[in-house]
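Sequence positions in the sequence shown follow my numbering and run 6 to 485.
The C-beta atom is built at its ideal place from N, Cα and C for all residues, glycine as well.
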Amino acid sequence: MSPPRASSSLWLAAGAGLSGVLLGGAAVYLGRQQTPPPQPPPVLQPIAEPAPVAAAAPAERPPTLAEAVAGTMNSVVNLESSAGLGAGIIVDPSGIVLTNYHVLAEALRPPPTLFGARLGAVPELTARFANDRRVGATVLVADPEEDLAIVRLEPAKGEPAVFEAAAIGRSSELVVGQDVFAIGNPLGLRNTVSRGIVSAVDRTGILGDSQRAVLQLDASINVGNSGGPLFNLDGELVGIVVARPEQAQGIAFALPMDHVRGFLEALTAPEGARSGVIGVTLGSTDPKPAQARAQGYGAGLVVGNVDAEGPADTAGLRQGDVIVALRGKRLDGLEDTSIASLSAHLQKTVRGMFEGEVLAVMVVRGAEVLDLQLEVAAASARDQVGIDAEEQLGLRLDGEADQPTVVTVLPGTRLWGDPDALVGSRIRSVMGADIESYEDLAGRLSEVRRLRQDRGTAPRVLLGVELADGSPSAALLQLR
């Protein structure tokens with residue numbers, strides 16, 4: 006049941022769409038219709054913060070599995086179409102359903118055409134409840150990189166339009182050995198409940214993005230469970246079932262709800278989501294600091310500056326600490342332990358996280374080995390421009406300059422021209438659009454990213470620059 010690779014193009018079922026949202030480097034593809042014209046976008050309310058759980062009275066009995074299932078079943082839907090089946094979970098009473106992208110991928114592919122005429126019908130998507138009620142559904146958002154999709158239920162006129170939404174919990178509070186259960190549509194057996202435990206948290210190297218963390222379960226998961234919810238015994242949604250190894254039994258994986266929550270919040274944030282940051286810069290360029298070696302670690306990253314009141318500072322990280330493990334994985338266990346590779350690993354891990362997610366970090370401080378929990382923050386608007394320039398164009402910008410100024414052409418950047426000549430130059434235009442400020446560049450990079458997703462390939466981008474000597478020039482870059 007491993008999710009298929011995302012296709013190079015994406016078509017969404019006709020219906021209302023959403024405004025574009027950028028998820029820290031991952032694109033949210035939008036529902037479009039050609040005729041009739043698109044209707045105004047639906048209003049999605051921000052997902053409410055999980056309410057603090059009051060301490061149970063000593064005599065209070067914890068809920069049984071049967072009680073927890075009964076309290077959550079009405080928020081689960083089975084998603085069915087001629088192209089496949091899966092499950093979803095209602096996260097808003099207006100009928101907003103969360104599922105996996107790969108559950109809908111085949112149904113979202115455009116039907117073949119011949120001389121402009123469509124061959125075959127558009128697959129209809131139906132949501133079926135435990136009581137066998139069926140409701141039409143429309144895809145609003147689908148993101149193959151995150152393997153997440155948003156569906157809106159569309160009851161017929163006169164039918165109830167308010168639905169029972171799941172309570173959203175914190176995946177960061179899960180512990181290994183904790184009881185959980187999944188509800189899904191395995192092999193078409195609707196509303197099947199599978200019980201298990203959390204076998205591991207922060208498991209990486211499972212999905213296409215090797216640094217994305219998932220929850221490991223021992224629940225019985227099969228084809229059709231994808232997109233379905235993972236609950237704790239308090240009936241709180243703590244994950245979305247995403248995959249299981251084809252050759253394994255008793256091993257399955259779920260996207261942690263803290264990450265999924267960031268995805269959902271990005272859909273309602275006015276500025277969209279931004280890349281994660283923890284507020285540190287690195288110090289020594291020695292990948293094998295003596296402080297770490299003395300504690301038995303063969304590689305580590307020395308912390309330089311720590312931003313006051315930033316995530317790292319709040320969690321207790323200090324200048325001079327040596328980071329030796331992320332998410333329970335030792336850095337000396339990576340294939341490449343050069344300082345450049347270790348730094349890139351930390352950077353990619355943090356940038357791929359949403360605001361509010363928790364990053365487990367192990368550090369060596371003198372003779373101590375400490376476990377710290379860093380709650381990731383979102384990059385500032387200015388920092389996000391620099392991150393996007395690095396990740397899309399392969400150019401590192403001067404964060405102190407008033408206008409976008411190149412300080413480094415990153416290794417691996419595909420550039421037609423002299424990279425040394427670009428150092429110190431100001432970006433004056435991107436694909437013909439004038440750039441006068443970081444704000445201008447931010448908007449243009451958003452458009453460039455959208456162009457890349459629409460084409461499904463990495464196009465070439467023409468930059469107009471003003472060289473350090475004041476003369477105009479141009480550079481042709483291939484998006485990374």
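Per-residue DSSP class, three states only, for residue i
i	result
Lys334	strand
Met78	helix
Ala259	strand
Phe134	coil
Gln352	helix
Ser204	strand
Asp341	coil
Arg449	helix
Arg454	helix
Glu169	coil
Leu70	helix
Thr413	strand
Val156	strand
Ala406	coil
Arg401	strand
Ile440	coil
Gln483	strand
Asp326	coil
Pro464	coil
Thr143	strand
Pro98	coil
Ala112	helix
Ala382	strand
Alpha carbon of residue i to alpha carbon of residue j, nearest angstrom
i	j	result
Arg465	Val390	19 angstroms
Leu468	Asp407	18 angstroms
Phe258	Phe186	12 angstroms
Ala31	Arg332	Interpretation of Ala31 is limited by its pLDDT of 29, a score under 50 that renders its predicted location unreliable; no figure is taken from the coordinates.
Ile95	Lys334	34 angstroms
Glu241	Ala170	11 angstroms
Leu220	Arg485	30 angstroms
Ala253	Ala205	16 angstroms
Leu446	Ile440	6 angstroms
Ala479	Ser86	50 angstroms
Arg449	Ser346	29 angstroms
Arg217	Asp474	43 angstroms
Pro250	His107	15 angstroms
Leu420	Gly288	30 angstroms
Glu405	Ile173	40 angstroms
Ile226	Ile188	10 angstroms
Ala386	Ala349	21 angstroms
Contact check, residue i vs residue j, beta carbons under 7 angstroms
i	j	result
Gly284	Asp312	yes
Val198	Val74	yes
Glu362	Asp239	no
Gln296	Val327	yes
Val156	Val144	yes
Ala132	Leu90	no
Ala112	Gly233	no
Ser343	Pro292	yes
Asp223	Gly255	yes
Environment of residue i [buried if 16+ CB atoms lie within 10 Å]
i	result
Val167	exposed
Arg356	buried
Asn237	buried
Asn136	exposed
Pro477	exposed
Asn230	buried
Pro316	buried
Ala110	buried
Glu314	exposed
The ligand SAH heavy atom lying under 6 angstroms from the CB of residue i
i	result
Met78	Questions concerning the ligand SAH fall outside what the structure shown contains, since it holds no ligand whatsoever.
Next on the checklist: Which complete alpha helix (DSSP H) runs does the segment 248-317 hold, if anything under 4 residues is left out?
Outcome noted: 262-271 and 295-298
Next on the checklist: Runs of 3 residues minimum, wholly inside the segment 181-236: which ones carry the beta strand (DSSP E) assignment?
Outcome noted: 184-189, 197-208 and 219-222
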